[in-house]
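Structure record follows, encoded as structure tokens.
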Amino acid sequence: MKVFREKIELQSKGILPTYIDVTAQVRKTIKDSGIREGIVTVVSPHTTCAVFYEEFAHDIDETGTESLQVDLNNVLEKIIPKHVSKDTYIYPGEEHYRAVESWPNAAEYLPNGDRSALWNGDAHLKATIIGSSETFDVEDGQLGVGTTGYVYFVDFDVTRARTRKCSITVIGE
Amino acid sequence: MKVFREKIELQSKGILPTYIDVTAQVRKTIKDSGIREGIVTVVSPHTTCAVFYEEFAHDIDETGTESLQVDLNNVLEKIIPKHVSKDTYIYPGEEHYRAVESWPNAAEYLPNGDRSALWNGDAHLKATIIGSSETFDVEDGQLGVGTTGYVYFVDFDVTRARTRKCSITVIGE
Amino acid sequence: MKVFREKIELQSKGILPTYIDVTAQVRKTIKDSGIREGIVTVVSPHTTCAVFYEEFAHDIDETGTESLQVDLNNVLEKIIPKHVSKDTYIYPGEEHYRAVESWPNAAEYLPNGDRSALWNGDAHLKATIIGSSETFDVEDGQLGVGTTGYVYFVDFDVTRARTRKCSITVIGE
Numbered sequence: 001m002k003v004f005r006e007k008i009e010l011q012s013k014g015i016l017p018t019y020i021d022v023t024a025q026v027r028k029t030i031k032d033s034g035i036r037e038g039i040v041t042v043v044s045p046h047t048t049c050a051v052f053y054e055e056f057a058h059d060i061d062e063t064g065t066e067s068l069q070v071d072l073n074n075v076l077e078k079i080i081p082k083h084v085s086k087d088t089y090i091y092p093g094e095e096h097y098r099a100v101e102s103w104p105n106a107a108e109y110l111p112n113g114d115r116s117a118l119w120n121g122d123a124h125l126k127a128t129i130i131g132s133s134e135t136f137d138v139e140d141g142q143l144g145v146g147t148t149g150y151v152y153f154v155d156f157d158v159t160r161a162r163t164r165k166c167s168i169t170v171i172g173e
Numbered sequence: 001m002k003v004f005r006e007k008i009e010l011q012s013k014g015i016l017p018t019y020i021d022v023t024a025q026v027r028k029t030i031k032d033s034g035i036r037e038g039i040v041t042v043v044s045p046h047t048t049c050a051v052f053y054e055e056f057a058h059d060i061d062e063t064g065t066e067s068l069q070v071d072l073n074n075v076l077e078k079i080i081p082k083h084v085s086k087d088t089y090i091y092p093g094e095e096h097y098r099a100v101e102s103w104p105n106a107a108e109y110l111p112n113g114d115r116s117a118l119w120n121g122d123a124h125l126k127a128t129i130i131g132s133s134e135t136f137d138v139e140d141g142q143l144g145v146g147t148t149g150y151v152y153f154v155d156f157d158v159t160r161a162r163t164r165k166c167s168i169t170v171i172g173e
Numbered sequence: 001m002k003v004f005r006e007k008i009e010l011q012s013k014g015i016l017p018t019y020i021d022v023t024a025q026v027r028k029t030i031k032d033s034g035i036r037e038g039i040v041t042v043v044s045p046h047t048t049c050a051v052f053y054e055e056f057a058h059d060i061d062e063t064g065t066e067s068l069q070v071d072l073n074n075v076l077e078k079i080i081p082k083h084v085s086k087d088t089y090i091y092p093g094e095e096h097y098r099a100v101e102s103w104p105n106a107a108e109y110l111p112n113g114d115r116s117a118l119w120n121g122d123a124h125l126k127a128t129i130i131g132s133s134e135t136f137d138v139e140d141g142q143l144g145v146g147t148t149g150y151v152y153f154v155d156f157d158v159t160r161a162r163t164r165k166c167s168i169t170v171i172g173e
């Protein structure tokens, strides 16, 4: 039994939820691990990102978003509308604004001191519903999914583009 | 430490989401593994199926669906209505129809070439929200759930009945 | 490779969903395990409770609920309204009422024989959507989350206050 981990960096685009197919990286991590039987967990360490399993849909719109992802955006927005004003959600409140403003790296979260940069309550809530991790089989040295199954990382935070991390951990023998 | 896996086959009914209690199979796999302490992951390799943890509700309707499952269907349909026409969802688009039509086993997905057989966007979206895997404890050689807790596999795809797989993997010592 | 588990007890308040930050206990369990590299799974054995990953929001209302949690309550209630009458959900039906009434510990679930004590269908459905487990990295002996990431246990059951369990299992080397 052993543990093998690969951490990958992903680039979100901002403006819209960014969906990224990480299946190839998951397959490569399994291969590099040398593990034949076990599990692989794919984890987002970001509270506005999520990991899920879905079919690859071949129709991609002008923003690079697959059809099933546009449908998922539309479905989630029915209950989690875009965070467009300070009143869309209770979050972030006065205490949270002040806490972030007190951080040493406040400028990273609040460019030009603009509090609207924190209006990503929608992303937090969507990520909670989809979940920050997913577990798959490692079987005979392969990712144990069907031919139409893919692993996706999504950054729901549309406030700005940034570099994200995703962790792929294989455990087995 | 070791890994032990059992793959089970399940039969969906089509027409309605098919919920299947797999708790007995999970318990049997744990027993067969000989593992006393660890975790067990229950995974769906299908993108329109999901795994979740729920109470067994004793009231079962004429379709074989438990009350909490009918309630879950009703709740999910509020944001994910039935896929009843080519316009209900963006998925599947023209490229996806053509891709499937080009597969060697196209007839399996498109009986009689009928494109409406691919109208299962609702099932894809529901499965993404519920999640394709769930992890439980293995404790003292037993499944670590309370007396009222059960593990369910659900196939949300109502386009047709088919045989599904579910993977149960025990890791521990 | 080894397995290390800690089970913690948590107190729910009833009346409102009770959210409990268990991050400190997860960090302590990892430390106590001595495991440097692996995964940690946080599991609820209760079918009306869930585990998720979220930012700590600094604004806390008079009930002790953080702003993002109030937002999550509001979002979920759009599709899963409070269970306020025997007709809000199909669950629990006559068979379920009778089954619980036949249990040796029926009084625990039905104080004074009041069937409305079982009106927690909302909690069951919310817990199914959020999920009963979440998996995180253990990296260099630490919980592999960012500085703003926290692990929460939530009891959605508002019918009464009670003591709950949450299981933290570290697997690795």
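Keeping their order, the protein sequence lines are chains A, B and C. The opening residue of the first sequence carries number 1 in full-length UniProt numbering; numbering runs sequentially from there. The opening residue of the second sequence carries number 1 in full-length UniProt numbering; numbering runs sequentially from there. The opening residue of the third sequence carries number 1 in full-length UniProt numbering; numbering runs sequentially from there. Glycine included, every Cβ here is placed at the ideal spot set by N, Cα and C. Note that this is a predicted model, so its numbers are computed, not measured.
Proximal chain B residues relative to residue i, where beta-carbon distance stays under 8 angstroms
| i | result |
| --- | --- |
| A/D59 | I90, Y91, P92, G93, E94, E95 and H96 |
Spatial neighbours of residue i in its chain, beta-carbon cut-off 8 angstroms, leaving aside the 5 residues before and after
| i | result |
| --- | --- |
| C/L118 | P92, H96, Y97, V100, Y109, L110 and T159 |
| C/V35 | Note that residue 35 of chain C is Ile in the sequence shown here, rather than Val. Counting only Cβ-Cβ distances below 8 angstroms, and skipping sequence neighbours, we find K2, F4, V138, G141, V170, I171, G172 and E173. |
| C/E83 | The identity of residue 83 of chain C in the sequence shown is His, whereas the question assumes Glu. Same-chain partners within the cutoff: Y89, W119, N120, G121, D122 and A123. |
| C/R27 | Q142 and L143 |
| A/K86 | R115, S116 and W119 |
Contacts that residue i makes with chain A (C-beta to C-beta distance below 7 angstroms)
| i | result |
| --- | --- |
| B/T41 | I39 and T135 |
| C/E6 | The premise fails here: C/E6 is roughly 19 angstroms from chain A at the closest Cβ pair, so nothing lies under 7 angstroms. |
| B/V3 | E37, G38, G172 and E173 |
Contacts around residue i, its chain only, beta-carbon distance under 7 angstroms, and the 5 residues preceding and following it disregarded
| i | result |
| --- | --- |
| A/P45 | K165 and S167 |
| A/S132 | V43, S44, A50 and V51 |
| C/A106 | V100 |
| B/N73 | P17 |
Host alpha helix (DSSP H) of residue i (start-end)
| i | result |
| --- | --- |
| B/Y152 | From DSSP, B/Y152 is part of no alpha helix (DSSP H) but of the beta strand (DSSP E) over G149 to D155. |
| B/V100 | E94 to S102 |
| A/S67 | S67 to I79 |
| A/D122 | G121 to I130 |
Cross-chain neighbours of residue i in chain B, by beta carbon under 7 angstroms
| i | result |
| --- | --- |
| A/G149 | P45 and T47 |
| A/G131 | G131 |
| A/K78 | I79 |
| A/G55 | Looking at the sequence itself, residue 55 of chain A is Glu, so the reference to Gly does not match. The contacting residues are T47 and H124. |
Closer than 9 angstroms to chain B by CB, residue i
| i | result |
| --- | --- |
| A/V22 | no |
| A/D122 | no |
| A/V26 | no |
| C/V84 | no |
| A/E9 | no |
Cut-off 6 angstroms between Cβ atoms - residues of its own chain near residue i, not counting five sequence neighbours on either side
| i | result |
| --- | --- |
| residue 174 of chain A | For chain A, the structure presents residues 1 to 173; residue 174 of chain A sits outside this window and is missing. |
| B/A161 | S12, K13 and G14 |
| B/T135 | I39 and T41 |
| A/E55 | T148 |
| B/Y19 | Q69, Y152 and V154 |
| A/E6 | T29 and I168 |
| C/D157 | T48, N120 and A123 |
| C/L125 | I80 |
| B/T63 | L16 |
The beta strand (DSSP E) enclosing residue i, as first and last residue numbers
| i | result |
| --- | --- |
| B/E37 | No beta strand (DSSP E) holds B/E37; DSSP gives it neither H nor E. |
| B/A50 | C49 to E55 |
| A/G172 | T163 to G172 |
| A/K86 | Note, A/K86: premise wrong, no beta strand (DSSP E); not H, not E. |
| A/L10 | K2 to Q11 |
| B/E108 | Run containing B/E108: none in the beta strand (DSSP E); it sits in the alpha helix (DSSP H), A106 to Y109. |
| C/I20 | T18 to D21 |
| C/E139 | S133 to E139 |
Chain A contact residues for residue i, given Cβ-Cβ distances below 8 angstroms
| i | result |
| --- | --- |
| B/L125 | L68, D71, L72 and V75 |
Test: residue i CB closer than 9 angstroms to a CB of chain A
| i | result |
| --- | --- |
| B/T169 | yes |
| C/K165 | no |
| B/I15 | no |
| C/E62 | no |
Any chain C beta carbon closer than 9 angstroms to residue i
| i | result |
| --- | --- |
| A/A99 | yes |
| B/F52 | yes |
| A/V138 | no |
| A/T128 | yes |
Partners in chain C for residue i, counting only beta-carbon separations shorter than 9 angstroms
| i | result |
| --- | --- |
| B/G113 | Result: empty, since nearest Cβ-Cβ is about 37 angstroms, beyond 9 angstroms. |
Contact set between residue i and chain C, taken where Cβ atoms lie within less than 7 angstroms
| i | result |
| --- | --- |
| B/V145 | P45 |
Practice prompt. Flag this pair as touching only if the segment 19-31 of chain C and the segment 34-48 of chain B have three or more C-beta atom pairs under 8 angstroms; answer yes or no.
Written response: No contact exists between the segment 19-31 of chain C and the segment 34-48 of chain B.
Fill in: Meets three-Cβ-pair contact criterion under 8 angstroms: the segment 144-152 of chain B and the segment 1-16 of chain B
At 8 angstroms Cβ cutoff, the stretches do not touch.
Discussion item. When you compare the segment 59-73 of chain B with the segment 113-129 of chain C, are there three or more beta-carbon pairs, one atom per stretch, that lie closer than 8 angstroms?
Written reply: Contact between the segment 59-73 of chain B and the segment 113-129 of chain C is present, because at least three Cβ pairs lie under 8 angstroms.
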